[in-house]
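Student:
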Amino acid sequence: MRLTATSAAIMAALCPASAYAQDDGDFEQKDWRITIGGGVASFGENRDQPYGSVSLRRNFDNFYVSLGGAVAGYDGRDPAAGDTVPASTQQLTLGAGYESNALALDTYVSIGDRDFEEIAITGPGGTPLTFNADGGSWSLGAALTYQFALGGRWYAAPFAAIDYSEISTAQILAAPGGQFVTRDIDEDGVTASTGATIQYALGEKSQHSIGVYGAFVATSNTASTTRIVGTDTATGAPQRLDGASDGDSWFEYGASASFALSDAIVLDLWLSRTAGLSFGEATSAAVSLSFDF
9 MRLTATSAAI MAALCPASAY AQDDGDFEQK DWRITIGGGV ASFGENRDQP YGSVSLRRNF
69 DNFYVSLGGA VAGYDGRDPA AGDTVPASTQ QLTLGAGYES NALALDTYVS IGDRDFEEIA
129 ITGPGGTPLT FNADGGSWSL GAALTYQFAL GGRWYAAPFA AIDYSEISTA QILAAPGGQF
189 VTRDIDEDGV TASTGATIQY ALGEKSQHSI GVYGAFVATS NTASTTRIVG TDTATGAPQR
249 LDGASDGDSW FEYGASASFA LSDAIVLDLW LSRTAGLSFG EATSAAVSLS FDF
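The opening residue of the sequence shown carries number 9 in this note's numbering; numbering runs sequentially from there.
1) How about residue 204 and residue 217: are their beta carbons less than 7 Å apart?
2) Below 6 Å CB to CB, which residues in the same chain sit around residue 81 once its five sequence neighbours on both sides are set aside?
3) Alpha carbon to alpha carbon, how far is residue 110 from residue 103? Give it in angstroms, no decimals.
4) According to the Cβ coordinates, are residue 279 and residue 297 closer than 7 Å?
5) Considering Cα atoms alone, identify which of 44, 119, 112, 39 is closest to residue 101.
6) Who pairs with residue 194 in a beta bridge, going by DSSP?
7) Please list the terminal residues of the continuous beta strand (DSSP E) segment that includes residue 221.
8) Leaving aside the five residues before and after residue 67 along the sequence, list all residues of the same chain whose C-beta is less than 8 Å from its C-beta, in chain order.
9) The beta strand (DSSP E) that contains residue 260, what's its start and end?
10) For residue 60 and residue 46, which I take to be in contact (beta-carbon distance under 8 Å), what is that distance rounded to the nearest angstrom?
11) On a Cα-Cα basis, can you pick out the residue from 222, 72, 286 that is closest to residue 229?
12) Just the Cα atoms here: how many angstroms apart are residue 151 and residue 114?
13) Determine the burial state of residue 122: buried for a count of at least 16 other Cβ atoms within 10 Å of its Cβ, exposed for fewer.
14) Can you tell which of 213, 198, 214, 215 has its C-alpha closest to the C-alpha of residue 225?
15) Cutting at 6 Å between CB atoms, please list the residues of its own chain near residue 168, excluding the five before and the five after it.
16) Opposite residue 36 in the DSSP bridges: which residues?
17) Please state if the CB of residue 49 and the CB of residue 264 are separated by a distance shorter than 7 Å.
18) Residue 244: buried (16+ other C-beta within 10 angstroms of its C-beta) or exposed?
19) CB-CB under 7 Å to residue 154, same chain, minus the five flanking residues each way: which ones, in chain order?
20) Restricting to Cα atoms, I'd like to know which of 175, 161, 196, 99 is closest to residue 206.
21) Considering residue 110, what are the terminal residues of the beta strand (DSSP E) in which it resides?
22) Taking just the CA atoms, how far does residue 213 sit from residue 62?
23) Give the DSSP bridge partners of residue 167, in chain order.
24) Distance check for residue 78 and residue 248, CA to CA, integer angstroms please.
25) Counting C-beta neighbours from all protein chains within 10 Å, is the total for residue 171 16 or more, i.e. buried, or is it exposed?
26) Could you name each continuous beta strand (DSSP E) segment of 3 residues or more that falls completely within the stretch 276-301, going from the start of the chain to the end?
27) Check each candidate in 260, 270, 196, 282 and name the one with the smallest Cα separation from residue 254.
28) Counting along the chain, where does the beta strand (DSSP E) carrying residue 82 start and finish?
29) Are residue 269 and residue 295 close, meaning C-beta to C-beta below 7 Å?
Here is the structure:
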């Protein structure tokens, strides 16, 4: 699953929680931040998408700019007729935003290259079909988060996000006569989300935190957000989760933890699950380590 506006908003709301929770006098902002992260999105049936990322951020008082790169792969079964071809994606993202103790506005634009894996499928009479293809992707989005104290060490942070994306993919089709062919597909769509997080600050200076969140997500085209095939629960037949021009909506819920290992190093953990996603649910887990200097 590609990181959409939903993930951007959730991570913006959850990961900075320890910093937001601290008093101004206890928190000294550094000019630079390097963040290294990774995780996996699992769709069950041994169909996983691991990914890794690295980013460099420069702060200018309450404003920031960032530049990052991410790589996502695929670890699962070979596709069948009707499936989307698995691909490895490399993505470069330029971000900018504003942050205060209460308000955060994050914007970004990204471009990517998709290398479709070479897949060999046995056709009629045992004839193998091998193909390869390349594609691209780009997206832009924004997320708005507002955090306020509930009392004591409790904080709430409602958020909203929107994302527009275009993506290229390839699909295996069964042609007349039992032969297999492939075709290139370009998809685009808008994805929006809204939700809230609840966080509890830990530590003598509230430098750590734990949190939970819930969100509602809707997209105009699932093909622009999800790259994994699913299985029809009634027939057991494989179906494309990313049906062209098919919209979808679902809920997401999860938990996070943030630990300040030192004044300059922060460890963030994140776990989420979908509810109501077409053709099967997805579970995602991520970890990141940030260095301020």
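In this text, a Cβ means the ideal position worked out from N, Cα and C, and glycines have one as well.
Tutor: Let me spell this out:
1) no
2) 58, 96
3) Straight-line Cα distance between these residues: approximately 20 Å.
4) no
5) 119
6) 176
7) 216-227
8) 37, 38, 39, 40, 41
9) 256-268
10) 4 Å
11) 286
12) 5 Å
13) By the 10 Å Cβ count, residue 122 comes out buried.
14) 198
15) 152, 202
16) Answer is none; residue 36 lacks a bridge partner.
17) no
18) Only weak support is given to the placement of residue 244: the predicted model assigns it a pLDDT of 36, under 50, and the question is left unresolved by the model.
19) 110, 111, 165, 166
20) 161
21) In the DSSP assignment, residue 110 falls outside any beta strand (DSSP E) and carries neither an H nor an E.
22) 28 Å
23) 153, 203
24) For residue 248, the predicted model reports a pLDDT of 39, less than 50, meaning its position is unreliable and no value from the coordinates is stated.
25) buried
26) 291-300
27) Measuring C-alpha to C-alpha distances from residue 254 to each of 260, 270, 196, 282 identifies 196 as the nearest.
28) No beta strand (DSSP E) contains residue 82, which DSSP labels as neither H nor E.
29) Between residue 269 and residue 295, the gap from beta carbon to beta carbon reaches 7 Å or more.
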